[in-house]
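Novice: Have a look at this one before I ask anything.
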Amino acid sequence: NGRDITNSSCLTAYPTSSSSELRVELQSQECDGFFSCGLGGILSVSTEFHACPVKNVTGVTTVEIEEGSSALLTCNFFPSPIKNYTTTWFIGTGSNTMEIQDSTTEHLQSYLLQKPDQPNSYFCKIWIQSSTNSRCQGSLSVSSFVIKVQLKEKYEMPTITQDLNYTMNNNGDGGVFTVTSHGTNLMHNWYKNDRLINNTGNGILEISNTSLRVKEVNGSLRIAYVVSNVDYDNTSHSMRQTFGEIQWKS
Numbered sequence: 204n205g206r207d208i209t210n211s212s213c214l215t216a217y218p219t220s221s222s223s224e225l226r227v228e229l230q231s232q233e234c235d236g237f238f239s240c241g242l243g244g245i246l247s248v249s250t251e252f253h254a255c256p257v258k259n260v261t262g263v264t265t266v267e268i269e270e271g272s273s274a275l276l277t278c279n280f281f282p283s284p285i286k287n288y289t290t291t292w293f294i295g296t297g298s299n300t301m302e303i304q305d306s307t308t309e310h311l312q313s314y315l316l317q318k319p320d321q322p323n324s325y326f327c328k329i330w331i332q333s334s335t336n337s338r339c340q341g342s343l344s345v346s347s348f349v350i351k352v353q354l355k356e357k358y359e360m361p362t363i364t365q366d367l368n369y370t371m372n373n374n375g376d377g378g379v380f381t382v383t384s385h386g387t388n389l390m391h392n393w394y395k396n397d398r399l400i401n402n403t404g405n406g407i408l409e410i411s412n413t414s415l416r417v418k419e420v421n422g423s424l425r426i427a428y429v430v431s432n433v434d435y436d437n438t439s440h441s442m443r444q445t446f447g448e449i450q451w452k453s
């Protein structure tokens, strides 16, 4: 287009063994135009070139989002598509492929996937308008790589939803501590007199995530319950509740 391309940012020029040949890689449609070479101010006959999308990009990329969240899917083609095209999004693969309703746009290559309720695969197609079809070697449409969307459980902080409670056995020889908690991928820990309870014995008859059965012992007994988890940023969270002291007569 009448400009020196030596320092052009929209294309890459590769020298060849012949001074009259130049291999040019167009980076985007902004580089579309007429190219010619010159010597001593005399220009050759110009030739028109256009940046066209690559054909049927292969490969799979995975996107993981939380349940109830949305994600912006993007299918970038390189080089960037020519100026006259539309983008349509599809869900599924193979014989299960379906066009997503109202997903066709001009030029825009992104699609806002709103709160999917199950994992699935997505891809887009660029449809080249017939008026420019001949400039892109007869390629009517170009498919993107497949984007596999996987859902992960929505993270919830650890909470104790029912307070730590103690109930005496009918015969009075001990009792049961009970508690209810909620959260994502919880870890449950019981403590006796500030020491972690790993198994039964030493006054502990049964242990589970929601209950602890103990027998009567001489002296006092202090029980604590801690529920914890780690969020998707690898940050730990916990909640603790302590049941005072139970006094038994010697």
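Start counting at 1 in the sequence shown, then tack on 203, and there's your number in the working numbering.
All C-beta atoms in this analysis are idealised placements derived from N, C-alpha and C, irrespective of residue type, glycine included.
No experiment lies behind these values; they were computed from the predicted model shown.
Does the count of Cβ pairs from the stretch 386 to 393 and the stretch 298 to 315 closer than 8 Å reach three?
Specialist: No contact exists between the stretch 386 to 393 and the stretch 298 to 315.
Novice: Out of S298, L315, T264 and T261, which one is the CA nearest neighbour of S272?
Specialist: S272 has its Cα closest to that of L315, out of S298, L315, T264 and T261.
Novice: Any contact between the stretch 345 to 352 and the stretch 314 to 331? By contact I mean 3 or more CB pairs, one from each, below 8 Å.
Specialist: These segments touch.
Novice: Cα-Cα, which of T387, R398, T289 and I407 is closest to K355?
Specialist: Comparing Cα positions, the closest option is T387.
Novice: For N336, does the three-state DSSP call read helix, strand or coil?
Specialist: Residue confidence for N336 is low, a pLDDT of 47 falling below 50, so the modelled location carries little weight; the figure read from the coordinates is stated next. Reduced to three states, the DSSP call for N336 is helix.
Novice: Determine which residues share a DSSP beta bridge with K357 and list them.
Specialist: The partner list for K357 (beta bridge, DSSP) is empty, contrary to what the question assumes.
Novice: Which of the three DSSP states is assigned to S414 in this structure?
Specialist: If DSSP states are grouped into helix, strand and coil, S414 belongs with the strands.
Novice: Which residues mark the beginning and the end of the beta strand (DSSP E) in which Y394 is found?
Specialist: Start and end: M390 to K395.
Novice: Within a Cβ cutoff of 7 Å, which residues of the same chain sit near M301, ignoring the five residues on either side of it in sequence?
Specialist: Counting only Cβ-Cβ distances below 7 Å, and skipping sequence neighbours, we find F293, I294 and G295.
Novice: Between which two residues does the beta strand (DSSP E) holding D436 run?
Specialist: D436 -> no beta strand (DSSP E), and no H or E assigned at all.
Novice: Could you check what DSSP says for N299 in three-state terms: helix, strand or coil?
Specialist: N299 falls in the helix class under three-state DSSP.
Novice: Are the CB atoms of L276 and S313 nearer to each other than 9 Å?
Specialist: For L276 and S313, yes; Cβs fall inside 9 Å.
Novice: With distances taken from CA atoms, which of N437, D397 and E409 is nearest R425?
Specialist: Among N437, D397 and E409, the Cα nearest to that of R425 belongs to D397.
Novice: For S453, which three-state DSSP category applies?
Specialist: Confidence at S453 is low in this model, with a pLDDT of 48, below 50, so the placement of that residue is unreliable and no value is reported for it.
Novice: Near E359, what residues of its chain come up, given a Cβ to Cβ distance below 8 Å and the 5 sequence neighbours on each side ignored?
Specialist: Closer than 8 Å at Cβ, skipping near neighbours: H385, G386 and T387.
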